[in-house]
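Some notes on the structure that comes next.
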Amino acid sequence: QEKFTLRMAETWGPNFPIFGDTTKRFAENVEKMSNGRLQVRIDSANKHKAPLGVFDMVKAGQYDLGHSASYYWKGKVPETLYFTSMPFGMNAMEQYAWFYHGGGMELMQEVYEPHNMLSFPGGNTGVQMGGWFRKEIKSLDDLKGLKMRIPGFAGEVFAEVGVNPTNIAPGELYTALERNTIDAVEWVGPALDLRLGFQQIADYYYTGWHEPATELQFLVNKKVWEKLPQDLQEIMRIAMRTASYDMLVHSQHENAKAWANIKEEYPNVQIKQFPQDIFQAMYDANKKLLKEAAAGSEIAAKIIESQQNYLEQSRAYTDISERAYLNTMAEVE
Amino acid sequence: MIGIIMFGVALLMLMLGFPVAFTFGGVALFFGIFAEGMDLFAFMPYRIMSVMQNTVLMAVPLFIFMGVVLQRTKLAEQLLSSMGRLFGGLPGGLAISTILVGALLAASTGVVGASVVAMGLISLPVMMAHKYDKRLSTGTICAAGTLGQIVPPSIILIILGDVLGLPVGDLFKAAVWPGVVLIGLYIVYILILTRFKPETAPAMPADPDRSRKQEIVSALLAIIPPLALIVVVLGSIFTGIATPTESAALGGVGAVVLALIYRQFSFQMVWDSARDTVKVTAMVFAILIGATAFSMVFSYTGGDYLLEEWMLQLPGEKWGFIVLAMLVILVLGFFIDFVEISFIIVPILAPIAEALGINMLWFAILIAMNLQTSFLTPPFGFSLFYLKGVAPPQIKTTDIYKGVLPFILLQILVLAMIIIFPGWFGMSSTY
Amino acid sequence: MRWIIKLDEGLGKLSNLCGWIAIVALILMTANVFYDVITRYVFNDVSIGMQEMEWHLYSVVFLFGIPYALRSDGHVRVDVFYNNWGQKARAWVNLVGALLFVIPFAYLIGTYGYSFAIDAYQMGEGSGDPGGLPHRWIIKAVIPLTAIFTATAGLGMATFALRVLSGEKQYEEGHGGEGLA
Ligand code: NA
Ligand code: NA
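Residue numbers (the working numbering), protein chains in the order written: chain E, 1 to 333; chain H, 1 to 431; chain W, 1 to 181.
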């Protein structure tokens, strides 16, 4: 039987925790399930040197597979933005339901098809934290003129309420925050933030709103996919789906562990939530930006509508299940 | 295996004297096409793009510009020779001043290309004018310019923090004492050398018409303006006004302002400084691009897997592991870029070290110290090429190769001290 | 021989044009970074577009600088033997090196860089960050563009070597980039 070796470029550095474990598990599973007929060789960012070139490299066929996040391609193909996570959007459970049962996958394929690629969910971080702040944010005024490292669409929402999104090279982020060159940094969540040491220099750790369910993605070059026999395609499909689920669970595990560590070793760190007026302003800003995006692109309008309808229906049920349960727990504890 | 042969061939080709950058690129080209075909080079635009978007490297042209302006306006000379004069009849004053200025630059940036070239521009002409030994001068400058790697903020520590999962702040703190000790040893070495061989570093001639006191006062007065510039640059970083990279631009603008104050300013001067800066910057980045082509061919022909296999052969006992790991990194550092080592080798060593109960912070500092040495080791030490690129023609590559040797030995000495007496540096080798 | 001299002089002018572009970009870049620091610190204002302009200019500096430095012999060499050799031997090293290393290397970067830039153009790629710069293809196109100039500078290196071989020109001792310090 014919053997296949596929080369995968990932956006992450070698041994990047959680994200990198996801691709490694995927490669292992594929090999085991196919009895060695399908092998995946992973090249990390240190090898291809193009963390944000994964899209182009898979498109051009320089790599067969990619592992990245869809919203990184917003500057190239604006509609890719919606397949990672949206401010005030669905949580991980709701979003997976949308992808697999609510038409999300079909919409994602529609966006990636013209670029000669297939895209599949590739693992979720869960709710991302809202960022590290050096000063407490008590009102909308405190946000005005605040210099924050926050890229992408969330940065645009923040900009709408007066924040100054600022670019800082990742290597200088720590120093920049420590010395007040910037006032705040948005990164991921406890497990990954801990490595950068922000807990040593910023006291206020804000809860998230902007990326409630950051989904990574597998990219597959279409020609490569079509060359695979059907059983190997199925093995890939299942391995990708398992990898996504594994990453969500792994994120929960590592974040909980890291958070326990921060609580114990850095008593200076306080968890904060933005006050209501800020959330309301950002909620409105988000709505306005989505409206503009929908007006500018037919397919964006279709995706936004699908997501909003799905969120409404799904959230109504989340409210009487998960939320009701957590509320109950809060009362007895 | 192709990777290893390629290193050998590159070494031979370099000796022919064709520009280093294009020798790397050209050798990579032949081996790459031979082993993988033309399409391997479709990765090159991405690699060039990653250099373009690496904004930390912006410090290179900016610091060089500052250095060139200070040199053209003679302010650098004034700073160094006045500092040298403060040492009175003591030989080696200029060399010690160079180390001190290098330490200041190191505390403001972690970009070696920037500080080696800037130091080369600032102090090499002054040392040459005062009849310093070529080897002592070039060795001092390379060593002083490379201090930026271990003295925080430092790129290598940030990368190691990422690879090893250690907070950057802890690493920066842990690196302070090793950095200070290294600087101290450099100075002690120069003092001892010049005591026995004063002709290698003649003392600055005293002005017979002035008393020692007058001399000190006038020297201090002369130091103030250029030193103020350095303080502005450093101050802007420490107060957070600018990131380390941006501070380099403040330095460049500041140098032009100083020139204005000293009536040295002209548009021609700025244009000529910019032209020199472009030339030197292009030299540095051409090497980076040539080297990235080289490392691309090395890793895509399986060189990284080969290294991985070697690493897994290291012994499983603490001291044997430490010593051999350090030796391997040192030898690899002769040939391979420190970023490659951090990303390929360190992730393999880390779990072994962890299993042996080794304190990862200490281990990280050992690696950083070791990788700093790789900038200085012939034949491929980047600092050596950078200095050669700005040195006058009477200074030969071999002068630089020989000049850095004592400083390499000093670095190995400090490395050994940290290994054997971690307590002296406020660390421990185990948890 | 006459046409080689003509060609060589033309190629030299092309490389000097690259140098001129790089010098202007360097001055603009220094001013750009300075401006960004001041507006952020004094006026508490940040423009991601201006921040991105920094690396655009910085890329222009070194990419256009490379062909310029090639013409003015600013690229560092290992001179263990080179400096002891005569004019003819050096000319041969430069002639062969230019034809075998510089031109093919630049050619490959140019070819692949061209599709790299075209792809960005066709997708209308821009910055994904708030207030970032549009038209990413422009800066990406600098890669193939400067690759062409590097190739012509390589050709210039070869024509100059031919002039030296014919005895009409000489390499200066420690000319160009060397000896800045
Ligand atoms: Na440093
Ligand atoms: Na080296």
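Built from N, CA and C at the ideal position, the CB exists for glycine as well.
Residue i (DSSP reduced to helix, strand or coil)
i: VAL42(W); result: helix
i: ARG71(W); result: helix
i: ARG149(E); result: strand
i: VAL217(H); result: helix
i: GLY179(W); result: Residue placement at GLY179(W) is poorly supported in this model, since its pLDDT is 48, which falls under 50; the coordinates are not used for a value here.
i: ILE395(H); result: coil
i: GLN170(W); result: coil
i: GLN264(H); result: coil
i: TRP85(W); result: coil
i: PHE53(H); result: Per the sequence shown, the amino acid found at residue 53(H) is Gln instead of Phe. Residue state, collapsed to three classes: coil.
i: SER139(E); result: coil
i: PRO198(H); result: helix
i: ARG72(H); result: helix
i: ILE345(H); result: coil
i: ILE241(H); result: coil
i: GLU333(E); result: coil
i: MET1(W); result: coil
i: GLY423(H); result: helix
Bounding residues of the beta strand (DSSP E) (the contiguous stretch that carries residue i)
i: ILE271(E); result: 270-272
i: ASN124(E); result: 117-124
i: ALA336(E); result: Absent from the structure is residue 336(E), since the part of chain E shown begins at 1 and ends at 333.
Residue-chain proximity (residue i, chain A), Cβ-Cβ < 7 Å
i: LEU90(H); result: Within the model displayed, chain A is absent; protein chains E, H and W are what it includes.
Cross-strand partners of residue i (DSSP beta bridge)
i: ASN351(E); result: As displayed, chain E neither begins before 1 nor continues past 333, which places residue 351(E) out of reach and without an answer.
i: ILE96(H); result: ILE96(H) is not bridged to any residue.
i: TYR205(E); result: TRP132(E), ILE271(E)
i: GLU215(E); result: ASN124(E)
i: LEU38(E); result: PHE4(E)
i: ASN381(E); result: A query on residue 381(E) cannot be resolved here, the shown segment of chain E reaching from 1 to 333 and no further.
i: VAL185(E); result: TRP132(E), ARG149(E)
i: ILE358(H); result: THR430(H)
Residue i - containing alpha helix (DSSP H), residue span
i: TYR132(H); result: Note, TYR132(H): premise wrong, no alpha helix (DSSP H); not H, not E.
i: GLU160(E); result: 152-160
i: PHE88(E); result: First-last for PHE88(E): undefined, no H or E at that position.
i: ARG241(E); result: 230-265
i: GLY13(E); result: Segment: none, GLY13(E) is in no alpha helix (DSSP H) and carries neither H nor E.
i: ARG179(E); result: Note, ARG179(E): premise wrong, no alpha helix (DSSP H); not H, not E.
i: ILE150(H); result: Per DSSP, ILE150(H) belongs to no alpha helix (DSSP H) and is neither H nor E.
i: ALA106(W); result: 103-123
i: ALA203(H); result: Neither: ALA203(H) is in no alpha helix (DSSP H) and is coded neither H nor E.
i: VAL163(H); result: 155-164
i: TYR386(H); result: 382-390
i: VAL27(H); result: 20-36
i: VAL142(W); result: 136-165
i: PRO190(E); result: 190-196
Cβ-Cβ separation, residue j to residue i (assumed contact under 8 Å), whole Å
i: VAL436(H); j: VAL33(W); result: Residue 436(H) is absent from the model: chain H starts at 1 and stops at 431.
i: MET29(W); j: LEU63(W); result: Actually they do not touch by this definition, with Cβ atoms about 13 Å apart.
i: VAL161(E); j: ALA285(E); result: 6 Å
i: ALA255(H); j: VAL69(H); result: 4 Å
i: ALA282(H); j: TYR68(W); result: 6 Å
i: ALA248(H); j: PHE63(H); result: 5 Å
i: ASP337(H); j: ALA391(H); result: Contact doesn't hold; Cβ gap of about 22 Å is too wide.
i: GLN273(E); j: THR207(E); result: 5 Å
i: ALA183(W); j: ALA141(W); result: What the structure shows of chain W is the stretch from 1 to 181, and residue 183(W) is not part of that stretch, so it cannot be assessed.
i: LEU332(H); j: ILE345(H); result: 7 Å
i: THR397(H); j: ASP79(W); result: 5 Å
i: ALA239(E); j: MET105(E); result: About 16 Å; that fails the 8 Å criterion.
Scan the region 42-76 of chain E and note each continuous alpha helix (DSSP H) run of 4 residues or more that stays entirely inside, going in chain order. 45-48, 54-60
Where in the region 280-341 of chain H do unbroken runs of the alpha helix (DSSP H), each at least 4 residues long, occur, reported from the N-terminal end onward? 303-311, 318-335
Considering only residues of the region 273-331 of chain E, which uninterrupted alpha helix (DSSP H) runs meet the minimum length of 4 residues and lie entirely inside it, listed in chain order? 276-296, 298-318
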